[in-house]
Amino acid sequence: MNALFARLTVFLAIAVSTASSLFATSTTGQTSTTPGGGLSFNGPTDCEASLSCFKVNDYYSQCQQSLPESGTVAALSPAATIPAGALTKITGFGTNPTNIGMYGYRPTTVKSDLGLLVALHYCGGTAQAYYSSTQFKTLADQRGFMILYGQAVNDSNCWDITSKATKTHNGGSDSQGIASAAQYAIANWGINPNKVFVVGSSSGAMMVNVIAATYPDIFKGGAIFAGSAFGCLVSNAPRNPPDPCASGQKTQTAQAWGDLVRGAYPGYNGTYPKLQIWHGTSDPVLNYVNFGEEVKQWTNVHKVSSVATTTLTNSPKQPWTKTSYGAGEVEGYSGSGLGHGLPDSGTEANALDFFGL
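For the sequence shown, the positions run -19 to -1, 1 to 338 when mature numbering (1 follows the signal peptide of the UniProt record, and there is no 0) is used.
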């Protein structure tokens, strides 16, 4: 297995020791696209011919498209002259209370009606790691949109998703830095302000919820890969004993969850971002209960029922089940038997289709 990443602290990894398996084996008779190879895993460990196996940590690995390991981080340069095909550090993008990092990616060919995707890594991760381990860069090459990869700098490289500052519009901390970078891109890169979206995994997924609550005037949609509701967790980094939210012990009414979102931006009367919520049913780090709490929260914010209007199995592929709410303002994806290592290879394109990127 190609150990592309250094060992990292996945959000609340202390809970993993109780898990019996992180990933389901393939039920189609083909090689699994999310092999195990971690502790307690007895399933397939080979990738399909077109993919390479990247070790994320001792608990899971992922099959992803191979990307170059060198020459991906360019020297500092003004944002307006980002070189094509390279990950480039962006500086001086505006208010940045916690000094988070931002790295831009511009494909060789961009659309005239230019969109922006902000991509946020997991706890212990980096912008470079998320660039390498997901398919967003490849999809940007195909579809012609810009990407900003965020880099957390505190709490074991976990995003601040719990402080009052980060959970308040223009309150400071990580969320304001992310919003500033997006606003800078709109002002300087010719980004269509109606095509600004955010995705994230684990800690990054929780930050997607924070961003959707605090800056709904900037971001038009988000994809949450293995997260928890806005206001659920009380700690950014792993702790012992585990946070009750992570273990699925914190539940509230849809109204209570929705009130937390509405309180993040007092006086805001505009629309909120449409959201996709992805979660594995066997996630040992963030219990699957969190999926339902997120659905309750965002359907309440969008003023639609938390009862699904449509349900599709094997969508977009096995073992996912898609549930849609309202007129599609909220979509849920439950991965039967899958663990915490999301996005599952190939599902990134589904999120971009949802955004219209």
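Using N, Cα and C, we set each Cβ at its ideal position, and we do this for glycine too. Note that the structure is predicted; figures quoted are calculated from it, not measured.
Residue range 270 to 282 is occupied by the alpha helix (DSSP H) that includes GLU274. DSSP, reduced to helix, strand and coil, places ILE199 outside both helices and strands of the structure shown, so it counts as coil.
Contact annotation: the stretch 67 to 80 does not touch the stretch 94 to 101, with fewer than three C-beta pairs closer than 8 angstroms. The Cβ atoms of MET83 and ILE142 lie no closer than 9 angstroms to each other. Under the three-state reduction of DSSP, GLU312 is assigned to strand. One Cα belongs to VAL311, the other to THR292, and the distance between them is close to 13 angstroms.
Assigned with DSSP and collapsed to three states, VAL134 falls in coil, not helix or strand. Partner residues in a beta bridge of TYR112, as assigned by DSSP, do not exist. The residue from LYS231, GLN233 and PHE200 with its alpha-carbon nearest to that of TYR253 is PHE200. DSSP, reduced to helix, strand and coil, places GLN233 outside both helices and strands of the structure shown, so it counts as coil. Nearest in C-alpha terms to SER228, of all of GLY208, PRO247, THR115 and ALA166, is GLY208.
In terms of Cα proximity to LEU95, the closest of GLN157, THR79 and ASP122 is ASP122.
The alpha helix (DSSP H) runs lying completely inside the stretch 81 to 110 and spanning 4 residues or more number zero. With respect to THR195, THR147 sits close: the two C-beta atoms are nearer than 9 angstroms. If you check the CB distance, VAL215 and PHE117 do not come in under 9 angstroms. VAL177 and GLN230 have their C-alpha atoms spaced approximately 34 angstroms apart.
Between GLY131 and ALA163, the beta carbon gap of about 10 angstroms keeps them out of contact (Cβ cut-off 8 angstroms).
Taken in chain order, the unbroken stretches of beta strand (DSSP E) that lie wholly in the stretch 114 to 185 and span 3 residues or more are 127 to 132 and 172 to 182. Around the beta carbon of ASN295, a 10 Å sphere encloses fewer than 16 other beta carbons of the protein chains shown; the residue is thus reported as exposed. Cβ-Cβ distances below 7 angstroms link LYS145 to GLY152 in the same chain, with the five nearest sequence neighbours on each side left out; the list follows chain order.
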